[in-house]
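J.: If you scroll down you'll find the structure; I have some questions about it.
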Amino acid sequence: MAGLLTATVVAIVGPILVYVWPPAPKGQRKAGLKVTLNADVDSIPPETAVQFNAPTGTAFLMATGGGGNAPGDPTFGGFLVNPGAASQVEVFASRCPHLGCSFAFDTAGKIFKCPCHGSQFNLKGDVIHGPATAPLAKLAWKKGDQPNQLVVDGLILGEGQ
Amino acid sequence: MASLPHPRDIQIAVVEWLDERYPFTKSVDEALYQRVPNFANAFYYCFGGMVFILITFQLLTGVFLAFYYVPDASGNPAPAYTSVQFIMNNVFLGWLMRGIHFWSANLLIVMVVIHMARVFWTGSYRAPRELNWMVGVVMLLLILVLSLTGYLLPWDTKAYWATNVTIEIAGSAPILGPATKILLLGGAVEGPLTLQRFFAIHVFLIPGLLVLLMYVHFRLIRQHGISEPL
Chain U
1 MAGLLTATVV AIVGPILVYV WPPAPKGQRK AGLKVTLNAD VDSIPPETAV QFNAPTGTAF
61 LMATGGGGNA PGDPTFGGFL VNPGAASQVE VFASRCPHLG CSFAFDTAGK IFKCPCHGSQ
121 FNLKGDVIHG PATAPLAKLA WKKGDQPNQL VVDGLILGEG Q
Chain Y
162 MASLPHPRDI QIAVVEWLDE RYPFTKSVDE ALYQRVPNFA NAFYYCFGGM VFILITFQLL
222 TGVFLAFYYV PDASGNPAPA YTSVQFIMNN VFLGWLMRGI HFWSANLLIV MVVIHMARVF
282 WTGSYRAPRE LNWMVGVVML LLILVLSLTG YLLPWDTKAY WATNVTIEIA GSAPILGPAT
342 KILLLGGAVE GPLTLQRFFA IHVFLIPGLL VLLMYVHFRL IRQHGISEPL
């Protein structure tokens with residue numbers, strides 16, 4: 001009797017759990033996403049950041065993580081940063097490692113500020129003010145065909161997203 | 162000209178017809194005609210009733226909001242957002258309907274907490290009423306889930322990022338966190354599937370469970386009677 005009851009519950013609850021677990025939408029796949037900036041990649045002035053968004057229906061995938069971010073996590077935006085002082089140009093995911101809010105670049109202070117809980121990061125992505133404890137996540141990218149084009153690792157979300 | 166029966170005779174005929182099929186009069190009398198003990202006339206015994214009235218407001222205004230609300234987050238601006246704007250700006254008294262839903266939701270949390278504090282203060286959770294306390298705690302959690310899921314539905318910036326933060330917090334829990342995050346998101350990112358899920362939970366799943374538990378809560382009160390003062 002107990003076995004029959006257990007079998008019934010498993011037979012009903014099991015399929016429901018599988019049902020609510022979201023499948024990947026049709027057509028979802030990883031791809032290099034082409035992004036056009038409003039400045040050339042090589043001529044970004046030192047100590048500035050250029051914001052860009054993932055094209056509609058896509059998301060970038062992070063290459064590094066830390067805090068609430070992990071490699072492979074999706075994000076809808078990024079910043080191309082020239083930290084200055086002969087440092088290399090970097091691309092950060094615009095998703096706060098604290099609790100996932102989208103942050104902004106403060107041109108006057110030359111820092112990144114998150115509007116949700118006040119975390120701040122410098123141009124190298126390091127934390128200069130909490131509550132975040134991990135540095136900004138980086139995106140994997142390469143230069144595109146045009147001087148103002150990037151190709152960023154990302155995800156085509158597919159139908160139904 | 163044939164004379165019409167007196168309205169009272171029609172009433173009696175209808176009630177008798179019903180009573181022959183189910184003892185409605187007896188049931189209604191038993192439910193309604195109960196003496197309220199004098200000690201229960203103190204003002205602090207009213208908060209549970211206020212919670213009930215506010216939940217009734219929420220169910221009614223919620224159904225009326227659902228006449229116009231569209232749980233679709235695709236496109237920019239998304240129909241979810243524009244339909245809320247439509248309720249606020251175009252629908253006659255739409256702002257009032259949404260306002261009552263919004264403020265009753267806020268007041269509901271306050272009243273639930275005061276009701277819970279009163280039950281604790283008067284020791285009304287003690288034997289044999291522990292089960293009713295447990296039912297009440299479950300209803301508190303259901304109401305918090307309603308608040309959480311309802312917060313996303315306007316699909317504006319505040320709603321989106323607040324829910325983003327909420328899901329991140331849930332995802333940071335040990336062991337079960339990542340799975341909880343995927344179940345809440347309904348996909349790889351916070352998008353239309355997330356809103357659809359939250360909408361279904363907000364309007365179908367939780368209200369049904371809540372009404373069921375309210376019935377259990379009241380039946381248990383009737384079983385035990387109102388608790389006597391300490």
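Protein chains in written order, with our numbering: chain U, 1 to 161; chain Y, 162 to 391. Backbone N, C-alpha and C fix where the C-beta goes; we use that ideal spot for every residue, glycine too. All values derive from a computational prediction rather than experimental measurement.
Which chain U residues sit within Cβ distance under 8 Å of Y:Asn325?
T.: Residue numbering aside, residue 325 of chain Y sits at position 164 when the second sequence is read from its first letter. Per Cβ cutoff of 8 Å: Leu99, Gly100 and Cys101.
J.: Can you look up Y:Thr283 in the DSSP assignment and give me helix, strand or coil?
T.: Sequence index remark: in the second sequence, residue 283 of chain Y carries index 122 (1-based). Coil, per DSSP.
J.: For U:Val18, which residues in the same chain have their Cβ closer than 7 Å to its Cβ, ignoring the five residues on either side in sequence?
T.: In the first sequence, residue 18 of chain U corresponds to position 18, counting from 1. So the list is empty, once near-sequence residues are dropped.
J.: Hey, does U:Thr20 have any beta-carbon neighbour from chain Y nearer than 8 Å?
T.: Within the first sequence, residue 20 of chain U is the residue found at index 20, counting from 1. A quick correction: the sequence has Val, not Thr, at residue 20 of chain U. At least one chain Y Cβ lies under 8 Å of U:Val20.
J.: With distance defined between alpha-carbon atoms, name the residue in Y:Val274, Y:Gly223, Y:Leu268 and Y:Val280 nearest to Y:Trp256.
T.: Start at 1 with the first residue of the second sequence, and residue 256 of chain Y comes out as number 95. For Y:Trp256, the nearest C-alpha among the options comes from Y:Gly223.
J.: Taking the straight line between their C-alpha atoms, what separation do you get for U:Ala104 and Y:Leu356?
T.: By 1-based counting over the first sequence, the position of residue 104 of chain U is 104. By 1-based counting over the second sequence, the position of residue 356 of chain Y is 195. Spanning the two alpha carbons is a distance of roughly 25 Å.
J.: Could you tell me the distance, in whole angstroms, from the CA atom of U:Ser87 to the CA atom of Y:Tyr312?
T.: Position 87 of the first sequence, counted from the start, is the residue given in the question as residue 87 of chain U. Position 151 of the second sequence, counted from the start, is the residue given in the question as residue 312 of chain Y. Those two C-alpha atoms are separated by around 43 Å.
J.: Kindly indicate if chain U contains any beta-carbon less than 8 Å away from that of Y:Trp316.
T.: In the second sequence, residue 316 of chain Y corresponds to position 155, counting from 1. No, its Cβ sits nowhere closer than 8 Å to a Cβ of chain U.
J.: Whole angstroms is fine: what's the gap from U:Ala31's alpha carbon to U:Leu61's?
T.: For this step, residue 31 of chain U is matched to residue 31 along the first sequence. For this step, residue 61 of chain U is matched to residue 61 along the first sequence. Computed Cα separation, rounded: 10 Å.
J.: Could you list which residues in chain Y have their beta carbon closer than 8 Å to that of U:Ala59, in chain order?
T.: Translated into positions along the first sequence, residue 59 of chain U becomes position 59. Within chain Y, the residues near U:Ala59 are Ala349 and Val350.
J.: Report yes if the C-beta distance between Y:Val326 and U:Cys101 is below 8 Å; otherwise report no.
T.: As a first step, residue 326 of chain Y is located in the second sequence; it is residue number 165 there, counting from the start. As a first step, residue 101 of chain U is located in the first sequence; it is residue number 101 there, counting from the start. Yes, Cβ-Cβ distance for Y:Val326 and U:Cys101 is below 8 Å.
J.: Could you tell me which residues DSSP puts in a beta bridge with U:Ala49?
T.: Residue mapping note: residue 49 of chain U aligns to position 49 of the first sequence, counting from 1. Note: U:Ala49 sits in a beta bridge opposite U:Val81.
J.: What residues from chain U crowd round Y:Ile336, counting only those whose CB sits closer than 9 Å?
T.: The residue labelled residue 336 of chain Y in the question sits at position 175 within the second sequence. Residues of chain U passing the Cβ test: none, with the nearest at roughly 16 Å.
J.: Is it buried or exposed, Y:Ser265, if we count other Cβ atoms within 10 angstroms and call 16 or more buried?
T.: Counted from its first residue, the second sequence places residue 265 of chain Y at position 104. So Y:Ser265 ends up on the buried side.
J.: Would you report the Cα separation of Y:Pro339 and U:Asp73, rounded to the nearest angstrom?
T.: As a first step, residue 339 of chain Y is located in the second sequence; it is residue number 178 there, counting from the start. As a first step, residue 73 of chain U is located in the first sequence; it is residue number 73 there, counting from the start. Near 12 Å, if we compare the C-alpha coordinates of U:Asp73 and Y:Pro339.
J.: Which one or two residues does DSSP pair with Y:Ala121 in a beta bridge?
T.: Nothing can be reported for residue 121 of chain Y, as the shown portion of chain Y is limited to 162 through 391.
J.: Whole angstroms is fine: what's the gap from Y:Leu374's alpha carbon to U:Val81's?
T.: In the second sequence, residue 374 of chain Y corresponds to position 213, counting from 1. In the first sequence, residue 81 of chain U corresponds to position 81, counting from 1. Between Y:Leu374 and U:Val81, the C-alpha separation is close to 55 Å.
J.: Is any heavy atom in the ligand ZN found nearer than 7 Å to the beta carbon of Y:Leu313?
T.: With respect to the ligand ZN, the structure shown offers nothing to examine, as it has no ligands at all.
J.: Against chain Y, which members of the stretch 65-97 of chain U pass a CB distance test of less than 8 Å?
T.: Hits within the stretch, in order: Gly68, Pro74 and Phe76.
J.: Quick check on the burial criterion: 16 or more other C-beta atoms within 10 angstroms. Buried or exposed for U:Val91?
T.: Along the first sequence, one-based indexing puts residue 91 of chain U at 91. With 16 or more Cβ atoms within 10 Å of its Cβ, U:Val91 is classed as buried.
J.: Three-state secondary structure (DSSP) at Y:Arg169?
T.: Stepping through the second sequence from its first residue, residue 169 of chain Y is reached at position 8. In the structure shown, Y:Arg169 sits in a helix (DSSP, three-state: H, G or I).
J.: Would a C-beta distance cut-off of 8 Å place U:Thr36 and U:Asn122 closer than the cut-off?
T.: As a working mapping, residue 36 of chain U is identified with position 36 in the first sequence. As a working mapping, residue 122 of chain U is identified with position 122 in the first sequence. Contact: no.
J.: What's the gap between the Cα of U:Val41 and the Cα of U:Glu47?
T.: Here residue 41 of chain U corresponds to residue number 41 of the first sequence, with the count starting at 1. Here residue 47 of chain U corresponds to residue number 47 of the first sequence, with the count starting at 1. Computed Cα separation, rounded: 14 Å.
J.: Can you look up U:Arg29 in the DSSP assignment and give me helix, strand or coil?
T.: Here the question's residue 29 of chain U lines up with position 29 in the first sequence. U:Arg29: strand per DSSP, three-state reduction.
J.: State yes or no: is the C-beta of Y:Thr186 within less than 8 Å of the C-beta of Y:Val176?
T.: Along the second sequence, one-based indexing puts residue 186 of chain Y at 25. Along the second sequence, one-based indexing puts residue 176 of chain Y at 15. Yes. Within cutoff.
J.: What did DSSP end up calling U:Gln88 once you bin it into helix, strand or coil?
T.: The residue given as residue 88 of chain U occupies position 88 in the first sequence. Three-state result, U:Gln88: coil.
J.: Hey, is U:Cys114's beta-carbon within less than 8 Å of any beta-carbon in chain Y?
T.: In the first sequence, counting from the first residue as 1, residue 114 of chain U sits at position 114. Closer than 8 Å: no.
J.: Would you say U:Leu123 lies against chain C (beta-carbon separation less than 8 Å)?
T.: Considering every chain present, this structure includes no chain C. Its protein chains are U and Y.
J.: Just to confirm before moving on: does the CB-CB distance between U:Lys34 and U:Glu159 stay below 8 Å?
T.: Numbered from its first residue, the first sequence carries residue 34 of chain U at position 34. Numbered from its first residue, the first sequence carries residue 159 of chain U at position 159. No, these two residues do not count as a Cβ contact at 8 Å.
J.: Give a yes or no on whether 8 Å exceeds the smallest Cβ distance from Y:Ser265 to chain U.
T.: Start at 1 with the first residue of the second sequence, and residue 265 of chain Y comes out as number 104. With 8 Å as the cut-off, Y:Ser265 does not count as an interface residue toward chain U.
J.: CB-CB under 7 Å to U:Ala54, same chain, minus the five flanking residues each way: which ones, in chain order?
T.: As a first step, residue 54 of chain U is located in the first sequence; it is residue number 54 there, counting from the start. Excluding sequence neighbours, U:Ala54 sits near Leu33, Phe60, Phe76, Gly77 and Gly154.
J.: Note down, in chain order, each residue of its chain lying with its Cβ closer than 8 Å to the Cβ of Y:Pro315, except the 5 sequence neighbours on either side.
T.: The residue given as residue 315 of chain Y occupies position 154 in the second sequence. Closer than 8 Å at the Cβ level, and outside the excluded window around Y:Pro315, lie Ala241, Tyr242 and Val245.
J.: Could you work out which residues of chain U lie near Y:Ile343, taking near to mean beta carbons separated by less than 9 Å?
T.: For the purposes of this step, residue 343 of chain Y is taken as residue 182 along the second sequence, with counting starting at 1. Ordered by position in chain U, the residues that pass the 9 Å Cβ test against Y:Ile343 are Trp21 and Pro22.
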